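S.K.:
2 protein chains.
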Amino acid sequence: MRSDNSKIKEIFKTLDFSDSEIKIIESVFHKIVVKKGDILVRPGDLVDSHYYILEGCLRTFHIDSQGKEYTVQFGIKDWWISDYTAFFTGEKAIMTVEALADSIIYKINSNHKEWLYDQIPRIDRFFRIKLERAFAAFQKRILSGISQSASDRYQHFMATYPEIEKYLKNYHIASYLGITTESLSRIRKDLS
Amino acid sequence: MRSDNSKIKEIFKTLDFSDSEIKIIESVFHKIVVKKGDILVRPGDLVDSHYYILEGCLRTFHIDSQGKEYTVQFGIKDWWISDYTAFFTGEKAIMTVEALADSIIYKINSNHKEWLYDQIPRIDRFFRIKLERAFAAFQKRILSGISQSASDRYQHFMATYPEIEKYLKNYHIASYLGITTESLSRIRKDLS
DNA sequence: CGCGACGTTGATTTGCCTCAACGATTGTGG
DNA sequence: CCACAATCGTTGAGGCAAATCAACGTCGCG
Numbered sequence: 489m490r491s492d493n494s495k496i497k498e499i500f501k502t503l504d505f506s507d508s509e510i511k512i513i514e515s516v517f518h519k520i521v522v523k524k525g526d527i528l529v530r531p532g533d534l535v536d537s538h539y540y541i542l543e544g545c546l547r548t549f550h551i552d553s554q555g556k557e558y559t560v561q562f563g564i565k566d567w568w569i570s571d572y573t574a575f576f577t578g579e580k581a582i583m584t585v586e587a588l589a590d591s592i593i594y595k596i597n598s599n600h601k602e603w604l605y606d607q608i609p610r611i612d613r614f615f616r617i618k619l620e621r622a623f624a625a626f627q628k629r630i631l632s633g634i635s636q637s638a639s640d641r642y643q644h645f646m647a648t649y650p651e652i653e654k655y656l657k658n659y660h661i662a663s664y665l666g667i668t669t670e671s672l673s674r675i676r677k678d679l680s
Numbered sequence: 489m490r491s492d493n494s495k496i497k498e499i500f501k502t503l504d505f506s507d508s509e510i511k512i513i514e515s516v517f518h519k520i521v522v523k524k525g526d527i528l529v530r531p532g533d534l535v536d537s538h539y540y541i542l543e544g545c546l547r548t549f550h551i552d553s554q555g556k557e558y559t560v561q562f563g564i565k566d567w568w569i570s571d572y573t574a575f576f577t578g579e580k581a582i583m584t585v586e587a588l589a590d591s592i593i594y595k596i597n598s599n600h601k602e603w604l605y606d607q608i609p610r611i612d613r614f615f616r617i618k619l620e621r622a623f624a625a626f627q628k629r630i631l632s633g634i635s636q637s638a639s640d641r642y643q644h645f646m647a648t649y650p651e652i653e654k655y656l657k658n659y660h661i662a663s664y665l666g667i668t669t670e671s672l673s674r675i676r677k678d679l680s
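First to last, the sequence lines map onto chains W and V.
For the first sequence, the positions run 489 to 680 when our numbering is used.
For the second sequence, the positions run 489 to 680 when our numbering is used.
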């Protein structure tokens with residue numbers, strides 16, 4: 489399968505693989521095509537999958553007891569997404585993972601991932617580095633959350649992730665910033 | 489050196505090493521003893537070290553243009569600490585890492601760490617798993633920050649990390665929660 | 001076309017901040 | 001070891017940012 493082959497190369501574009509390694513990797517990645525609005529993970533699920541976004545946009549969010557939504561992460565092309573708390577710790581999901589646009593995803597499950605680490609050890613390093621960068625970004629976001637005003641956080645978000653904007657409704661952004669849609673509306677008005 | 493040897497085993501307690509591996513690891517870890525108030529990383533530093541806390545307590549915090557402090561992370565026995573944004577990305581530090589008590593630290597620098605990954609590949613996995621757990625904890629903290637009131641965040645923090653409390657002043661906790669010391673004082677009053 | 005989802009605006013309330021003053025605690029030098 | 005200063009924590013009054021509640025305009029889609 490030549491075309492799937494090239495997708496695998498795209499996922500791990502910083503690594504070079506032999507044909508036999510590509511075969512190994514292909515055997516544990518599964519392509520899923522989802523439509524806007526589709527849900528990949530629901531609260532209470534056991535999350536044993538990690539998702540690579542080849543195309544489209546997804547978000548991970550939590551719904552509290554009052555039904556309010558809080559977005560923890562957006563993901564677009566070439567990002568990985570899941571409910572990481574559940575995926576890494578084995579706890580049940582408290583998050584929902586939802587497609588914000590028609591998307592093409594490559595999915596790998598937890599056991600297969602561990603197996604893959606054994607088969608091709610430099611993939612361990614690959615994911616460690618991905619994780620390091622994501623971790624650094626989260627640290628910055630925590631700092632932003634405790635140190636900046638809503639307006640500053642909004643401007644910072646828009647400047648940092650301009651490519652994501654086109655997939656988002658205002659209420660997605662508000663739920664990411666931890667403010668209401670009304671407040672976001674007023675912030676946008678003040679800035680214009 | 490029998491005693492240093494045992495410390496290495498403590499740092500990597502989920503792994504088993506041969507004597508020659510222990511020698512390799514010892515050669516890249518350096519013990520530092522710091523006093524309460526000592527600074528390990530300053531804003532503007534190139535951060536090429538990762539710190540393992542054998543004993544004591546440290547924190548990583550940011551100082552904004554008005555001189556206000558925002559604590560991003562505390563660390564106690566058996567935690568790792570640094571300015572991760574700087575350490576992972578190679579950017580200059582925007583954080584300060586400070587000892588909140590007399591502490592015993594084991595320090596490894598970035599190049600040595602990469603070298604160690606090559607020498608003993610399962611250490612890659614060890615750090616990946618550490619990072620996964622830290623990442624999950626950060627995701628929870630972000631959610632807490634955007635979804636909970638200051639009082640809820642305070643109670644959640646105290647319940648989750650009771651062992652850290654004894655090292656902290658109230659203003660440390662306030663700077664971690666993103667509130668003022670006055671607000672924290674009032675929250676404590678309301679809860680009692 | 002008509003309905004539901006989305007975004008905006010206004011009035012009011014609330015949670016946390018700011019500024020200021022004052023106890024309590026800690027630590028240090030005489 | 002005490003005295004005193006500095007640091008830390010608490011309390012009060014007032015202000016501001018963002019939430020809440022409510023109404024209404026707009027847009028996109030079945």
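Where a beta carbon is used, it is the ideal one built from N, C-alpha and C, also for glycine.
Everything numeric in this text was worked out from a predicted model, so none of it was measured.
1) Taking T584(W) as the reference, give the member of Y642(W), D533(W), Y594(W) and I513(W) with the closest Cα.
2) Go ahead and pull the three-state DSSP assignment for E579(V).
3) Between Q607(W) and chain V, is there a C-beta pair that is closer than 9 Å?
4) Thinking C-alpha only, which one of F614(V), G578(V) and D590(V) is nearest V521(V)?
5) Following the continuous beta strand (DSSP E) through K628(V), name the residue where it begins and the one where it ends.
6) According to the neighbour-count rule (16 or more other Cβ atoms, all chains shown, within 10 Å of its Cβ), is G544(W) buried or exposed?
7) Hey, would you say L542(W) sits closer than 9 Å to G563(W), going by beta carbons?
8) Quick one: list the residues of chain W neighbouring S598(V), beta-carbon separation under 8 Å, in chain order.
9) Smallest Cα separation from L656(W): which of E586(W), Y572(W) and W568(W)?
10) Can you pull the DSSP bridge partners for W568(V)?
11) Does the distance from the C-beta atom of D571(V) to that of T548(V) stay below 9 Å?
12) When we look at the beta-carbon of L604(V) and count the other beta-carbons within 10 Å, is it buried (16 or more) or exposed?
13) Extract the residue ranges of the alpha helix (DSSP H) inside the stretch 645-678 of chain W, only unbroken runs of 4 or more that lie entirely within it.
14) Quick one: residues in its chain with C-beta nearer than 8 Å to the C-beta of F575(V), no 5 flanking neighbours on either side, listed in chain order?
15) Closest Cβ-Cβ distance between G525(W) and chain V: below 9 Å?
16) R616(V) CB to nearest chain W CB: under 9 Å?
17) Under 7 Å Cβ to Cβ from V560(W), same chain only, skipping five residues before and after it: list those, please.
18) By the DSSP assignment, the beta strand (DSSP E) with L546(V) in it spans what residues?
19) In chain V, which residues lie less than 7 Å from V560(W) when you measure between Cβ atoms?
20) So what's L604(W) in DSSP terms, helix, strand or just coil?
21) Kindly list, in the order they appear in chain V, the residues whose Cβ is closer than 8 Å to that of F623(W).
22) If we count the other Cβ atoms within 10 Å of its Cβ and call it buried at 16 or more, is I617(W) buried or exposed?
23) Does any CB atom of chain W fall closer than 9 Å to the CB of G666(V)?
24) If I follow the unbroken alpha helix (DSSP H) through K511(W), where does it start and stop?
25) Look at the Cβ atom of I667(W), then the Cβ atom of I608(W), and state whether they are nearer than 9 Å.
26) So A638(W) and L665(W) are in contact, right, with Cβ under 8 Å, and what is the actual spacing, rounded?
27) Locate the beta strand (DSSP E) running through L528(V), then write down its first and last residues.
M.R.: Considering the structure as presented:
1) D533(W)
2) coil
3) no
4) D590(V)
5) No beta strand (DSSP E) contains K628(V), which is instead part of the alpha helix (DSSP H) from R610 to S635.
6) buried
7) no
8) The premise fails here: S598(V) is roughly 11 Å from chain W at the closest Cβ pair, so nothing lies under 8 Å.
9) E586(W)
10) Y540(V)
11) yes
12) buried
13) 658-665
14) V535, D536, S537, H538 and S598
15) no
16) yes
17) T548, F549, H550 and M583
18) C545 to I551
19) Q627, I630 and L631
20) helix
21) Y572, F576, L619, A622, F623 and F626
22) exposed
23) yes
24) D507 to E514
25) no
26) 6 Å
27) I527 to V529
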